[in-house]
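Q: Just remember that this note's numbering sits 625 ahead of the position in the sequence shown, which is counted from 1.
I am attaching a structure below and will ask some questions about it afterwards.
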Amino acid sequence: MKRVNNCDTTEAARLAASVLGIDYRAAETDPTAASRRREQMESERQQREQERQKQAAESAGQRRATFASLYAEKRQSVTQGESEYLIAKGLDGFTFPLLPDGSVLLELVDESGAVAAAQTITPQGEKRLLTGSAKRGAYHAVNAPESPQSVLIAEGLATALSVHLMRPDALAVAAIDAGNLLPVAEVMRRKHPKAQIIIAADNDHHQNGEANTGREAAEKAALSVAGWVSMPPTDYKADWNDHHQQNGLEVATAAFNDSMYQIQGEAVKPRLQAIEGGKTDHPEKDPLKPHIESRKDGVFWVTPKVDKESGEIINAESWLCSPLEVIGTGRDDKDQYLIISWLAFGAGIPTTAAIPLADIGEREGWRTLKAGGVNVTTKNSLRAILADWLQRSGSRELWRVAHATGWQCGAYIMPDGEIIGTPERPVLFSGRSSAAAGYTVAGTSESWRNSVARLAYGNYAMMTGIAAALAAPLIGVADRDGFGIHFYEQSSAGKTTTQNVASSLYGNPDALRLTWYGTALGLINEAAAHNDGLMPLDEVGQGADPI
């Protein structure tokens, strides 16, 4: 102090006392003078503190103004869409504000809910905070459940979205980086005092033994709020999004829950404790492991959790879809399928359909199921869980998926999907005929002979039609090509009646009648649905080229 201020010892002591708030004249014999001196020093200290606070407030105000201006400017040019960065991370179906160059504009809110910071993420994954952002304690919530019982805090956006898919019932937030985990955890504890807080840690593993920054920051944050930590069980650097992409949602979800542990002071409390005697040949099922339940009232994603007050396990359920069952896998000449069965509302018999494996989890697959009468959740996170379950559940029995009727695998398939005989292996007709509802049964074979065949005797056109109808199923057995018969007569000569007589062998003639009025593709599909069978086509003139 003497050297810096170029003064003697007494003056240096006076200066030091002024800075430290010490009365250098404490030994002064006059109590009144000493009191005045203390008051003067306290007044000077308060003045300095007020000046510091004023400067800090002005600086913060300038920072907020800078951020507000930049953020407002960025917001004017954004459009909602899917991020290439997130799609590359295996996270499609999520929409965010996108800048013209495809970068995500990610807003971060403070404890009051006001936007206090923002981060941009380019399609290549480069991340930057907007100038003036007040990052400390600010976060981005990827969902908004009411009264969440669990809060998941991750570093980055992709990790937050992945753990959200693993635990869709929980509130999932992104803290942006490891240094902000602790402030965000404290904010979450104040906002949700009774919730279980889980830090989804990044595993910043280093082969050379360097500090694991992700784990240390997560444990520090968890300790401050009596929370839990879950870190990917890898011996290399990875976050939960990496684990999700590499192993699939169901495996990653199980790993997330199995890896949870709680910090208690200097000790670590494991989530599951070993029992005396070690492992058994038949380990008990983990009662806290999330799982899917398929019941009569639907398919549900169940996430058990322990009630902090009672200690009881509470099963939180998320509805996935109406009841259905995977009864096998199918294959045609080139593609794979899932064979799924369900009972549509109001239907008398179950529907069995072959859904292309490539469509499971995609819009086309959900559209097919919903069109068939299956109610499916609209939440993307739960749909991802349902898609994983569909691919991993049910019987692995192999079915033959046939795109044509007739003789398949040693049995005869009708256009309505009914199978006559016992096939060599399960077979399913995946096509469709507009006349499928016409294949019904009425009367007996004897009544048909008496009321139809007997009256047609001697009428060569009707006898030919009946012969063609009876011969059609034998074409495949005889290994012969199909054929067509064209009846050409004047109007009201009995062409349609001949067609009805022949069709009566298969079902209701009025419902089975087809016409030439249709597209080429439609006629091709009908031909496939009438393979080795009778395909009655009326009004050939409707199919003529009008030119």
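The C-beta atom is built at its ideal place from N, Cα and C for all residues, glycine as well.
Just verifying my parser: in three-state terms, what is the DSSP assignment at Phe970?
A: Looking up residue 970 in the sequence shown gives position 345. Three-state DSSP puts Phe970 in coil, outside helix and strand.
Q: Considering only their Cβ atoms, is the gap separating Ala810 from Glu780 smaller than 7 angstroms?
A: Taking the sequence shown and counting its residues from 1, the one referred to as residue 780 is at position 155. Taking the sequence shown and counting its residues from 1, the one referred to as residue 810 is at position 185. Contact flag unset, no.
Q: With a threshold of 6 angstroms on Cβ separation, who are the neighbours of Thr977 within its own chain once the five nearest residues in sequence on each side are excluded?
A: Looking up residue 977 in the sequence shown gives position 352. Cβ neighbours of Thr977 beyond the five flanking positions: Ser966.
Q: Which runs of the beta strand (DSSP E) fall wholly inside the stretch 806-862 and span at least 3 residues, in chain order?
A: DSSP runs (the beta strand (DSSP E)) wholly in the stretch 806-862: 821-825 and 853-855.
Q: Can you round the beta-carbon distance between Ala1081 and Tyr1131 to whole angstroms, since I take them to be within the 8 angstroms contact cut?
A: Walking along the sequence shown from the start, residue 1081 turns up at place 456. Walking along the sequence shown from the start, residue 1131 turns up at place 506. That pair is no contact at about 16 angstroms.
Q: Look at Leu1159 and Trp1141 and say whether their C-beta atoms are less than 7 angstroms apart.
A: Counted from its first residue, the sequence shown places residue 1159 at position 534. Counted from its first residue, the sequence shown places residue 1141 at position 516. Their beta carbons are not under 7 angstroms apart, which means Leu1159 does not touch Trp1141 by this criterion.
Q: Look at the alpha carbon of Asp1135 and the alpha carbon of Ser708, and state the distance between them as a whole number of angstroms.
A: Here residue 1135 refers to the residue found at position 510 of the sequence shown. Here residue 708 refers to the residue found at position 83 of the sequence shown. If you take the alpha carbons of Asp1135 and Ser708, they lie about 54 angstroms apart.
Q: Kindly list the residues whose CB is nearer than 6 angstroms to the CB of Ala842, restricted to its own chain and excluding five residues on each side of it in sequence; keep chain order.
A: Working through the sequence shown from its first residue, we reach residue 842 at position 217. Here the set comprises Ala803 and Leu806.
Q: Only counting the same chain, and skipping five residues up and downstream in sequence, which positions put a Cβ closer than 8 angstroms to that of Asn866?
A: Along the sequence shown, read from residue 1 onward, the residue named residue 866 stands at position 241. Cβ neighbours of Asn866 beyond the five flanking positions: Lys714, Gly715, Leu716, Gly781, Ala783, Thr784, Leu786 and Ser787.
Q: Distance check for Ile1038 and Ser1058, CA to CA, integer angstroms please.
A: Here residue 1058 refers to the residue found at position 433 of the sequence shown. Here residue 1038 refers to the residue found at position 413 of the sequence shown. Approximately 13 angstroms between the Cα atoms of the pair.
Q: Counting Cβ pairs closer than 8 angstroms, one from the stretch 792-799 and one from the stretch 753-773, do we hit at least three?
A: Yes, they touch.
Q: Under 8 angstroms, with one C-beta from each stretch per pair, do the stretch 998-1008 and the stretch 1027-1034 reach the 3-pair mark?
A: No: fewer than three Cβ pairs fall under 8 angstroms.
Q: How far does the alpha helix (DSSP H) with Asn866 in it extend, from its first residue to its last?
A: Your numbering for residue 866 matches position 241 in the sequence shown. Note, Asn866: alpha helix (DSSP H), Trp865 to Asn872.
Q: Between Gly1019, Tyr1064 and Arg1050, which has its C-alpha nearest Asp1041's C-alpha?
A: Taking the sequence shown and counting its residues from 1, the one referred to as residue 1041 is at position 416. Among Gly1019, Tyr1064 and Arg1050, the Cα nearest to that of Asp1041 is on Tyr1064.
Q: Relative to the C-alpha of Ser855, which candidate in Asn833, Asp883 and Lys819 has its C-alpha closest?
A: Taking the sequence shown and counting its residues from 1, the one referred to as residue 855 is at position 230. Closest option to Ser855, Cα to Cα, is Asp883.
Q: Alpha carbon to alpha carbon, what distance is there between His868 and His1155?
A: The residue labelled residue 1155 in the question sits at position 530 within the sequence shown. The residue labelled residue 868 in the question sits at position 243 within the sequence shown. For His1155 and His868, the distance between alpha carbons rounds to 50 angstroms.
Q: To the nearest angstrom, how far is it from the Cα of Leu730 to the Cα of Thr720?
A: Taking the first residue of the sequence shown as 1, we reach residue 730 at position 105. Taking the first residue of the sequence shown as 1, we reach residue 720 at position 95. Going from the Cα of Leu730 to the Cα of Thr720 covers about 11 angstroms.
Q: For Glu736, I'd like the list of residues in its chain whose CB is within less than 8 angstroms of its CB, leaving aside the five on either flank, ordered along the chain.
A: Walking along the sequence shown from the start, residue 736 turns up at place 111. Correct list, in chain order: Gly762, Val812, Arg815 and Lys816.
Q: Check the C-beta distance from Leu982 over to Leu963 and give it rounded, since I have them as a contact under 8 angstroms.
A: As a first step, residue 982 is located in the sequence shown; it is residue number 357 there, counting from the start. As a first step, residue 963 is located in the sequence shown; it is residue number 338 there, counting from the start. Yes, they are in contact, since the Cβ atoms of Leu982 and Leu963 sit about 6 angstroms apart, within 8 angstroms.
Q: Tell me which residue opens and which closes the alpha helix (DSSP H) that Arg761 is part of.
A: Taking the sequence shown and counting its residues from 1, the one referred to as residue 761 is at position 136. It is not in any alpha helix (DSSP H) - Arg761 carries neither H nor E in the DSSP assignment.
Q: Counting pairs of beta carbons, one from the stretch 940-948 and one from the stretch 918-927, are three or more of them closer than 8 angstroms?
A: Enough Cβ pairs lie closer than 8 angstroms, so yes.
Q: With a 10 Å radius around its C-beta and 16 neighbouring C-beta atoms as the bar for buried, classify Glu909 as buried or exposed.
A: Within the sequence shown, numbered from 1, the residue matching residue 909 stands at position 284. Only weak support is given to the placement of Glu909: the predicted model assigns it a pLDDT of 48, under 50, and the value that follows is read from those uncertain coordinates. With fewer than 16 other Cβ atoms within 10 Å, it is exposed.
Q: Under a Cβ-count criterion, where at least 16 other Cβ atoms within 10 Å of its own Cβ denotes burial, should Gln871 be classed as buried or exposed?
A: Counted from its first residue, the sequence shown places residue 871 at position 246. Gln871 comes out exposed.
Q: Taking the beta carbon of Ala1118 as the centre, do at least 16 other beta carbons fall within 10 Å, making it buried, or is it exposed?
A: Position 493 of the sequence shown, counted from the start, is the residue given in the question as residue 1118. Exposed is the call here.
Q: Does the beta-carbon distance from Leu949 to Ile985 come in below 7 angstroms?
A: The residue given as residue 949 occupies position 324 in the sequence shown. The residue given as residue 985 occupies position 360 in the sequence shown. Going by C-beta atoms, Leu949 is not nearer than 7 angstroms to Ile985.
Q: Quick check on Asp802: does DSSP put it in helix, strand or coil?
A: Stepping through the sequence shown from its first residue, residue 802 is reached at position 177. It is coil, neither helix nor strand.
Q: Comparing alpha-carbon positions, which option in Ala969, Ala1096, Glu667 and Cys1034 lies nearest Lys995?
A: Start at 1 with the first residue of the sequence shown, and residue 995 comes out as number 370. Nearest of Ala969, Ala1096, Glu667 and Cys1034 to Lys995, Cα basis: Ala969.
Q: Using the beta-carbon count (16 or more within 10 Å), is Asn1075 buried or exposed?
A: Within the sequence shown, residue 1075 is the residue found at index 450, counting from 1. Exposed is the call here.
Q: Out of Glu1114, Leu1148 and Asp1157, point me to the one whose CA is closest to Ile1100's CA.
A: Numbered from 1 along the sequence shown, position 475 holds the residue referred to as residue 1100. Nearest C-alpha to Ile1100: Asp1157.
Q: Rounded to whole angstroms, what is the Cα-Cα separation between Glu937 and Leu913?
A: Against the sequence shown, residue 937 aligns to sequence position 312. Against the sequence shown, residue 913 aligns to sequence position 288. Their backbone Cα atoms lie some 11 angstroms apart in a straight line.
Q: With C-beta atoms as the reference, is Ser947 less than 7 angstroms away from Val999?
A: The residue you call residue 947 lines up with position 322 of the sequence shown. The residue you call residue 999 lines up with position 374 of the sequence shown. Going by C-beta atoms, Ser947 is nearer than 7 angstroms to Val999.
Q: Excluding sequence positions up to five away, which residues of its chain have a Cβ less than 8 angstroms from the Cβ of Ala880?
A: As a position in the sequence shown, residue 880 is number 255, starting the count at 1. Taken in chain order, the residues that qualify are Pro857, Pro858, His868 and Asn872.
Q: For a test of the three-state rule: what should DSSP assign to Thr878, helix, strand or coil?
A: If you number the sequence shown from 1, residue 878 lands on position 253. Three-state result, Thr878: helix.
Q: If I measure Cβ to Cβ from Asp957 and keep anything under 6 angstroms in the same chain, skipping five residues before and after, which residues do I get?
A: On the sequence shown, residue 957 is found 332 positions in, with the first residue counted as 1. Once the five neighbours on either side are set aside, the close Cβ partners of Asp957 are Val1026.
Q: To the nearest angstrom, report how far apart Gln1124 and Thr1069 are at their CA atoms.
A: Counting from one through the sequence shown, the residue named residue 1124 turns up at place 499. Counting from one through the sequence shown, the residue named residue 1069 turns up at place 444. If I take the Cα positions, the gap works out to 20 angstroms.
Q: Cβ atoms of Gly839 and Ala1177: under 7 angstroms apart, would you say?
A: Examination of residue 1177 is not possible in this model, given that the chain is present from 626 through 1172 alone.
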